[in-house]
Amino acid sequence: MTFLAFDKPETSFALHQSAIQAGTVIGALATKSLLEASPSSAANVVDRLALGRLAASGRSTDAIIGNVLGVAVGASVNHAHGAINAVDFYLDDERKTEREHIIQLVQNNDSESDALLLGYVSEAMRLRPQYTGLWRESAVNTTVDQGPGLPPLEVKKGDRLRASFRNAHLNSDDFPDPSAVNPRRSPLPFANINGTASMDAQE
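The numbering of the sequence shown is my numbering, which starts it at 12 and goes up by one.
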């Protein structure tokens, strides 16, 4: 692990020691969860599908914990990026009204306020996505239905395609008045945000 404190060895040493201590604690907790997880008795879907499969893989505990911690580090960066985007989105002056409403909501302690806060987060993720799109290479010749009002797209094997999440999130069929921030939108279209549905289908 490398920290950007090359000219301050005492700071680098302290950061490394803290990282080792934190890693030891997290590793112990992950080991405990792994040993407790099994497909039949796991308490939730995540344990049942993830830790249960890892436990049944035949790999050593150290190897599995290494994988778990690797995923955790990557996920923490991903979640941090998403949080930063959402906060930055509402710091724009043009969204002063929404920002003031959010400040009011966080002072409440009721399910309606929680639902609205989640709606604001979902809208920020939709209008300022972490990933604007992804590239894929077609493995077969096919025809892609582009939706109402658009002609079918003929795709040949080997064609490079870009799926634009930013454009998809502005589809008025899924998101009426798509440029507006509306924390009360139906949650159903958000199941496909940032290509989630396509990734689930690939799995």
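Even glycine gets a Cβ: it sits at the ideal position worked out from N, Cα and C.
Q: Could you give the DSSP three-state label for Arg171: helix, strand or coil?
A: The residue you call residue 171 lines up with position 160 of the sequence shown. Note: Arg171 maps to strand in three-state DSSP.
Q: Put Leu80 into one of helix, strand or coil per three-state DSSP.
A: Counting from 1 along the sequence shown, the entry for residue 80 is found at position 69. Three-state result, Leu80: helix.
**Q.** Extent of the continuous beta strand (DSSP E) to which Gly144 belongs
**A.** The residue you call residue 144 lines up with position 133 of the sequence shown. Residues 144 to 148.
Q: Taking only the alpha-carbon atoms, compute the straight-line gap between Leu102 and Ile114 and give it to the nearest angstrom.
A: Along the sequence shown, read from residue 1 onward, the residue named residue 102 stands at position 91. Along the sequence shown, read from residue 1 onward, the residue named residue 114 stands at position 103. Going from the Cα of Leu102 to the Cα of Ile114 covers about 12 Å.
Q: Go ahead and pull the three-state DSSP assignment for Val151.
A: Translated into the one-based positions of the sequence shown, residue 151 becomes position 140. Residue state, collapsed to three classes: coil.
**Q.** Ser190 beta carbon less than 9 Å from that of Val166
**A.** Sequence index remark: in the sequence shown, residue 166 carries index 155 (1-based). Sequence index remark: in the sequence shown, residue 190 carries index 179 (1-based). No. Outside cutoff.
**Q.** Option nearest Asp170 by Cα separation, candidates Trp146, Ala97, Phe176
**A.** Here residue 170 refers to the residue found at position 159 of the sequence shown. Here the closest residue by C-alpha is Trp146.
Q | Boundaries of the alpha helix (DSSP H) in which Leu127 is found, first to last residue | A | Locating residue 127 in the sequence shown gives position 116, counting from the first residue. Taken as a continuous stretch (DSSP letters only), the alpha helix (DSSP H) holding Leu127 covers 122 to 138.
Q: Report yes if the C-beta distance between Lys168 and Val155 is below 9 Å; otherwise report no.
A: As a first step, residue 168 is located in the sequence shown; it is residue number 157 there, counting from the start. As a first step, residue 155 is located in the sequence shown; it is residue number 144 there, counting from the start. Against a cut-off of 9 Å, the Cβ pair of Val155 and Lys168 comes out as no contact.
Q) Under three-state DSSP, which class holds Val88? A) The residue labelled residue 88 in the question sits at position 77 within the sequence shown. Helix.
Q. Leu138 to Asn89, Cα distance in whole Å?
A. Within the sequence shown, residue 138 is the residue found at index 127, counting from 1. Within the sequence shown, residue 89 is the residue found at index 78, counting from 1. Distance between the alpha carbons of Leu138 and Asn89 is about 17 Å.
**Q.** Secondary structure of Leu164, DSSP reduced to three states
**A.** As a first step, residue 164 must be located in the sequence shown, where it is residue number 153. Strand.
Q: Using beta-carbon positions only, say whether Arg177 and Gly130 come within less than 9 Å of one another.
A: Taking the sequence shown and counting its residues from 1, one reaches residue 177 at position 166. Taking the sequence shown and counting its residues from 1, one reaches residue 130 at position 119. Not in contact: Arg177 and Gly130 (Cβ atoms no closer than 9 Å).
Q) What's the C-alpha gap between Val132 and Asp185? A) In the sequence shown, residue 132 corresponds to position 121, counting from 1. In the sequence shown, residue 185 corresponds to position 174, counting from 1. Roughly 17 Å separates the two Cα atoms.
Q: Return helix, strand or coil for Arg195, following the three-state DSSP convention.
A: Taking the sequence shown and counting its residues from 1, the one referred to as residue 195 is at position 184. Coil.
Q. Mapping DSSP to helix, strand and coil, what is Val117?
A. As a first step, residue 117 must be located in the sequence shown, where it is residue number 106. Looking at Val117 - three-state DSSP - the assignment turns out to be coil, as it is neither helix nor strand.
Q. Are Gly93 and Gln157 closer than 9 Å when you measure CB to CB?
A. Sequence index remark: in the sequence shown, residue 93 carries index 82 (1-based). Sequence index remark: in the sequence shown, residue 157 carries index 146 (1-based). Result no, Cβ atoms of Gly93 and Gln157 do not sit closer than 9 Å.
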